[in-house]
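Here is the structure we will look at.
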Amino acid sequence: MLDMFFSPKSLAVIGASKDETKVGHIALRNIVKGGFKGKIYPINPKESEILGLKCYPSVKNVRAEIDLGVVVVPAKFVLDVVKECAEKKLKGLIIISAGFKETGKDGADVEKEMGRIAREAGMRIIGPNCLGLMDTKSKLNASFVGELPPKGNVAFMSQSGALCSAVLDWSYSAHVGFSKFISVGNKVDIADPDLLNALEEDPETEVVMMYAEDILSERRFLQAAESLAKKKPLIALKSGCSPSGMKAISSHTGSLAGDDVAYTLAFKQTGGLRCKTIEHLFIMANAFSKQPVIQGKRVAIVTNAGGPGVMTTDAIEERGLELAKLSEETQAALKSFLPAAANTHNPVDVLGDALPDRYGFAIEKVIADPNVDALIVILTPQAMTDIAGTARLVGEKTKGCGKPVLCCWMGDRDVRPAFEILSSYDLPNFPYPEHAVYALQKMVSFNKIHHEPVKNWIIPKDRSAHRHQESAAIIRQAQSEGRTSLNEFEARSIVKAYGVPVARHRMARTVDEAVHAAEMIGFPVALKIVSPDVLHKFDVGGVKISIKDEAGVRAGYEGILSSIREKVPHARIDGILVDSMVKGQRREIILGMKRNPQFGPMLMFGLGGIFVEVLKDVAFRLVPLTRDYALNMIEEIKSFKILQGVRGELPYDINSIADALIGLSDLVIDFPEIHELDVNPFMVRPEGWGAAGVDVKMLIE
C-alpha cells in the first residue's frame, strides 16, 4: 500500500549537500551507508557530484522514473519542489523540511497547498517537519537520525523526532530489533490510519509501537487500530491530554469526560494498549517482540530469593492476574530434586545457593505444568550464583515451550554478563519483577480483543433517513429560536422516542392545569420549572418534590414561579412539569453523553449522588454501543455490586440500563447537533420492574 516509501526502486534527495553539517548531506549519507540497493539521485543545482553520485539540478533533469523524493530544502522552496515532483510523477515524498503549520497561519497555508497539489497528482506525502523513515528489510535509511537499527519485528511510528532518537538508542541495550521506523511529522497527507493499515499487512512487522501528540482522521483511526489489533499488538504512548485545554462545560457528564478519557477509550475499545510513560512503552515492546502472548492469566515464579518472589506475587494479584497452582505431579518432582529447605509451591524458591542445574530442573518442570500459562524467572546475584550459566540454561530449557517466559536478573553490574545471553534466546529481561508482571497483564488485555467482532467505527455524515421525525422537529425549532439547550419537556420527548423510559409527566401552563395533571398522574408528584434558560433547577428553587395534595400543588406552582422570577429574571418560562414520583426500592443512576471533538460521542454511566459527585465512579464508551459493550460498561464501575443487591435489596434491572444506553447511542449518532446530554437521575428499580429518567438535560449546537 505504501511500498513507494518502504521499498522504492529509486529515490531522489532534493537538497543534497556536500556540507557535512547540513541535513541534506546527512540524509544522503545515511541512505548510501545504510546499503540501499536502488538508484539514488542527489538533487542540487550547484553541484556536479556528491558522495560519488552524479548530481542533478532538478528532478526534471532525471530521465528515469523516480519513486520517492526526500525533501531537505529550506521551507521557502518546498512548495516549488512539491510542484516539480508532481509534474515528474513521483509516487511519494518524505518532507523533512520544517517551518510550516508549527510556525503559524502562513506556514499552515503553505502546508495546505502542498497537500492539495499532492492529492491532485496522486502523490503521497509523509511530513513535513519529520525526521524521515527507516526500513531494515530494504536497508533504506531516509532520515537524519543515525544508522539503521538492528533488524527485527517491531515497527515504530512517532510524532516526536526526539523520541525516535531515544527509542533507537534504547533498542541496542534492550536488544529489540525494528522492521520500520517512521517519523510522521505534521501529517499533511499520510496520517496514523494509513500507516496502521500498511503495518497490518506488513509481513516483517509483528508489533507496532506509536507515539502521538494528536490523532487525525479519528474515526478512520479507530477502524484501522481495531483491525490491526486483531492481529498484532498496538502499543501506544499518547501525550498532550492536559485538562487545562478543556472548554467550559455545563453538565455532569461534560465535567468528567475530558479529552484524555476519549483517547483512553479509543485505545481500550479498539484493543490498543495505551501506556502513559516511555518506560512502559519499552517494557511492552521488549516482551511482545520476543515472546508468545499469554493464553490465560496463571503465572508461575521461579526465584533464588524469597523476598522478590513475594513482591512478584503481590504484583500479580494487584494487576488482576492469578498465581498458578502447581499440580501435585509438579510439586512431587520438585521435592525429589530440590533441597528440603526449598519452597516447591508457587513461587518456587530454589534458594540462594542454586546453581544452573537446580534452576534448570525447576524451570523445566514448572513450564510444562498445564496449570501454568506464563513463567517469571528471577535471579539475584549471590556468592555462589553462576549468572551467565543460569541464563544459558534458562534459554535452553524454555526454548520453543509456547508460553511466555520473562526474566528478571536483578541488579546491574554483576548481572550484566547475562543480558546478551538472555537476548540470544529471545528472553526479555527486566530490572524489576513488577515490570514483567505489567507486561503479562498487557498480554492478557491484548488477548481479549480477539474474541470480539470488528465494529464499524465510521459514522455516516447523513443519517436523516433514520431520524425520528418528531425529535428532528423539536431540535430544528430550538435552533431556529437561537437556543443552545432544550427545555426538559422537549428533552424527555426525544430520549423517550429512542427507547429511554422516563417518569410519567404532564406539562402545565396554569396552576389549574398543574392540579389536573397531578390528579391524573396520582399523588405524590414533583413540580419542575420548564425553561431552556434554567439547567440546574434545584439551585434556583425550580423544583418541589413529594407533593401530596392539591394545596401542595398550588403552593408549589406559585413558589417555583416566584423563585425563578427573582433569581433568573430573564428566563423564558415554558411551563411547569408535573412529574410522578418513583416509589419503592430504587437506585439513582446517571446516564450521559459528551461529544468529543476528536472521536465523537462518549457515553457515560455511573451511580448517582455521592458516587458521581465525589467518587467519580463512572464508566465511558465511544459510540456505537453494542449490548455487550453496554453491559461491560455497567459492570466496570467499582460500585457495581450495589446494583446486584446488597443488605437485603433485590438485584436491580441491569437490562433496563443497558437498553437505555443503547438508545442514547442511537440518538447521538442520529443527531450530531446534540453535544451534551444528562439523564440524571435515571431511577432503576428491581429486576423486571424497569427504570425511568427523572431529569433530562440536553445541549445542542
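Just so it is clear: in the sequence shown, position 620 is 620 by UniProt numbering, and no numbers are missing. Each residue gets a CB set at the ideal place from its N, CA and C atoms; glycine is no exception. It should be emphasised that the depicted structure is a prediction, and the values quoted were computed from it without experimental measurement.
Please report how far the alpha carbon of residue i lies from the alpha carbon of residue j, in whole angstroms.
i: Asn286; j: Ser445; result: 16 Å
i: Asp169; j: Asn197; result: 27 Å
i: Asp695; j: Glu218; result: 32 Å
i: Gly584; j: Asp653; result: 14 Å
i: Glu318; j: Ala300; result: 15 Å
i: Arg506; j: Val540; result: 21 Å
i: Gly15; j: Tyr41; result: 11 Å
i: Pro339; j: Trp457; result: 58 Å
i: Ile700; j: Asn596; result: 14 Å
i: residue 758; j: Arg392; result: Beyond the ends of the chain as shown, which are 1 and 701, falls residue 758; an answer cannot be given.
i: Val261; j: Glu213; result: 15 Å
i: Met633; j: Phe605; result: 7 Å
i: Gly428; j: Val293; result: Before going on, a small fix: residue 428 reads as Pro here, not Gly. C-alpha separation (whole angstroms): 13 Å.
i: Ser546; j: Val208; result: 58 Å
i: His175; j: Ser165; result: 16 Å
i: Ala118; j: Glu65; result: 17 Å
i: Ala518; j: Leu607; result: 29 Å
i: Ala619; j: Met698; result: 20 Å
i: His675; j: Asn487; result: 15 Å
i: Lys290; j: Lys187; result: 31 Å
i: Pro128; j: Phe430; result: 37 Å
i: Leu237; j: Glu102; result: 21 Å
What is the DSSP secondary structure of residue i, counted as helix, strand or coil?
i: Asp678; result: strand
i: Ile367; result: helix
i: Asn134; result: First, the residue type needs correcting, since residue 134 is Met and not Asn in the sequence shown. Three-state DSSP puts Met134 in a strand.
i: Gly245; result: For Gly245, the predicted model reports a pLDDT of 40, less than 50, meaning its position is unreliable; a value from the coordinates is still stated below. Helix, per DSSP.
i: residue 704; result: Because the chain is modelled from 1 through 701, residue 704 falls outside the range shown and cannot be assessed.
i: Gly556; result: helix
i: Val167; result: helix
i: Ile589; result: strand
i: Leu561; result: helix
i: Val415; result: coil
i: Pro651; result: coil
i: Val502; result: strand
i: Leu607; result: strand
i: Ser424; result: helix
Give the DSSP bridge partners of residue i, in chain order.
i: Met602; result: Lys594 and Leu622
i: Leu140; result: Asp135
i: Val540; result: None; Val540 has no bridge partner.
i: Ile14; result: Ile43 and Val71
i: Cys401; result: For Cys401, which the question treats as bridged, DSSP gives no partner whatsoever.
i: Tyr56; result: Ile43
i: Pro686; result: Tyr652
i: Cys275; result: Leu237
i: Leu323; result: Val299
i: Asn429; result: Cys407
Span of the beta strand (DSSP E) holding residue i?
i: Cys408; result: Val405 to Trp409
i: residue 704; result: No information on residue 704 is available, as it lies outside the stretch 1 to 701 that the chain covers here.
i: Met581; result: Met581 -> no beta strand (DSSP E), and no H or E assigned at all.
i: residue 725; result: Residue 725 cannot be examined here, being either before or after the span of the chain that is shown, 1 to 701.
i: Gly307; result: Unbroken run through Gly307 is the alpha helix (DSSP H), Gly306 to Glu318; no beta strand (DSSP E).
i: Ala300; result: Arg298 to Thr303
i: Met507; result: His505 to Ala508
i: Ile235; result: Leu234 to Lys238
i: Ala692; result: Ala691 to Gly693
i: Leu535; result: Here Leu535 belongs to no beta strand (DSSP E), and DSSP marks it neither H nor E.
i: Leu93; result: Gly92 to Ile95
If you measure from the beta carbon of residue i to each beta carbon in chain D, is any gap under 7 Å?
i: Thr277; result: The chain labelled as chain D is not found in the depicted structure, where only one protein chain is given.
The alpha helix (DSSP H) spanning residue i covers which residue range?
i: Thr264; result: Asp259 to Thr270
i: Met698; result: Not the alpha helix (DSSP H): Met698 falls in the beta strand (DSSP E), residues Val696 to Ile700.
i: Ala630; result: Arg627 to Glu636
i: Leu664; result: Ile654 to Asp670
i: Ile26; result: Val23 to Gly34
i: Ile294; result: Run containing Ile294: none; DSSP gives neither H nor E here.
i: Arg483; result: No alpha helix (DSSP H) contains Arg483, which DSSP labels as neither H nor E.
i: Leu643; result: Phe640 to Leu643
i: Phe6; result: Asp3 to Phe6
i: Asp512; result: Val511 to Ile521
(message) For a minimum of 4 consecutive residues, which ranges assigned as the alpha helix (DSSP H) are wholly contained in the segment 174-205?
(response) 192-201
(request) Any chance you could list the beta strand (DSSP E) runs of at least 3 consecutive residues sitting entirely within the segment 201-232, in chain order? (result) 207-212
(request) Only counting runs of 4 or more residues, tell me where the alpha helix (DSSP H) segments fall wholly within the segment 327-399, in order along the chain. (result) 328-337, 356-367 and 387-398
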